[in-house]
Amino acid sequence: MFTDRENKKFFVGSPSGRKKVTINASEMVGTGYLTPESRFPLLLEPKVDNLDFPAWIASQREFINKELRVHGAILFRSFGVKGAAAFQSCAVSLSPELLNYTERAAPRQEVHDRVYTSTEYPSDQYIPLHHEMSYSHTWPMKLWFHCEQPAKEGGCTPIADDRKVVRLIDERIRDGFLKKGVMYVRNFGEGADMPWQEVFQTEDRKVVEKYCEETHIEFEWRSNNRLRTRQIRQVMVKHPETGDEVWFNHAHLFHISNLEQNVREALLKEFRDDELPRNAFYGDGSRIPDAILETIRHTYSNAAVRFSWHEGDLLLVDNILASHGRDPFSGERRTLVAMAEMYTNPDFVLPAPHPA
402 MFTDRENKKF FVGSPSGRKK VTINASEMVG TGYLTPESRF PLLLEPKVDN
452 LDFPAWIASQ REFINKELRV HGAILFRSFG VKGAAAFQSC AVSLSPELLN
502 YTERAAPRQE VHDRVYTSTE YPSDQYIPLH HEMSYSHTWP MKLWFHCEQP
552 AKEGGCTPIA DDRKVVRLID ERIRDGFLKK GVMYVRNFGE GADMPWQEVF
602 QTEDRKVVEK YCEETHIEFE WRSNNRLRTR QIRQVMVKHP ETGDEVWFNH
652 AHLFHISNLE QNVREALLKE FRDDELPRNA FYGDGSRIPD AILETIRHTY
702 SNAAVRFSWH EGDLLLVDNI LASHGRDPFS GERRTLVAMA EMYTNPDFVL
752 PAPHPA
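Be aware that the sequence shown starts at 402, since it is given in our numbering, and climbs by one per residue.
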């Protein structure tokens, strides 16, 4: 399976007594699966102690990228990775340029250079499966997750092969979205969601306006330093290397029906549909029925694969081929995230109307 079977020199042995040895790449790492029934994700585990893991990754980029295209996700287990710096070293060994988190949809903290905490939502909340930044004009092709501390209970990061998900989505639902598109409306400054300064990582309105113009987002500055944005985005995308077409949007997350009933009712008493902190509509501005979004969430849930995090695990995800979420948990949990290889959708470009 490995792309380079030539002997190479790697550091192995205990951290205090590491030495360079000549060894075949296939003799250092084994491949397998978490269960005999599923080939998703691919599981890689070391065959030797204290392998120089970043160096091994760098030597096996072709192999890793090939297997990622085949499987959609790769779980690296028992490689002794500990902490944000070690995690970053592994990630940049495959993708030298990690990405900043811009046009944010969730609160995160940067804990190391372009290494972030996973979404900081309350531990009792479930985050439905989704593709990172599928509400945007651009998104990362690769996601890295690192388990620093697994939760006492729960806290899985469920993943799904979206080549399977798209086949499970009802044809009538799919055709309705493809005919109309999907539009996201966000209102910043209402006190119920992230402020625009955090989302766009700036205090400068001009910077926000430039970003919106470049990424086809309609924007409207309102009283009291509030901002409203509207953007029409893709429903499905084609993977640029495999050609697979998958369901790729944030409608089921941004839509008001994704919130708990008491929160939803309180917000709807205060705001119109288009004044909510965030909401999703068909591309023509018409409402998406709650039942359709619930069906999509159930489809993702039915396709989800779960595994218990082990301390030190790394999970590499192709952000088009696979989606991810988060289960509720108890106890302390710390999962880090890094993003790489920004991709701009070449098949869906719709200039936004000039703001009034």
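Where is the CB? At the ideal position from N, CA and C, for every residue including glycine.
This one's a predicted model, so the numbers in the text were calculated from it and none came from an experiment.
**Prompt:** Since W545 is in the beta strand (DSSP E), which residue starts that stretch and which ends it?
**Reply:** T539 to Q550
**Proximity of L694 and V636 at Cβ, strictly below 7 Å** = no
**Request:** Sort F655, L717, L444 and S731 by Cα distance to M584 and report the nearest one.
**Result:** F655
**Asked** Quick one: what does DSSP say V471 is sitting in, helix, strand or coil?
**Response** helix
**Request:** Could you check the C-alpha separation between V516 and R509 for me, to the nearest Å?
**Result:** 10 Å
**Asked** Helix, strand or coil for V664 per DSSP?
**Response** helix
**Item:** Distance between beta carbons of R734 and G556, contact taken as under 8 Å
**Value:** 5 Å
**Prompt:** So, is D675 buried or exposed, given that buried needs 16 or more other C-beta atoms within 10 angstroms?
**Reply:** exposed
**Asked** Comparing alpha-carbon positions, which option in D645, P641 and G590 lies nearest E621?
**Response** G590
**Prompt:** First and last residue of the alpha helix (DSSP H) that includes W648?
**Reply:** First-last for W648: E646 to W648, but that is the beta strand (DSSP E), not the alpha helix (DSSP H).
**Item:** T745 in three-state terms, based on DSSP
**Value:** strand
**Asked** What is the rounded straight-line gap between the Cα of H531 and the Cα of A692?
**Response** 18 Å
**Item:** Burial state of H651, where buried means 16 or more other Cβ atoms lie within 10 Å
**Value:** buried
**Message:** Just to confirm the assignment, what range does the alpha helix (DSSP H) spanning W457 have?
**Reply:** F454 to S460
**Item:** Same chain only: Cβ atoms within 8 Å of G484, ignoring 5 sequence neighbours per side
**Value:** E549
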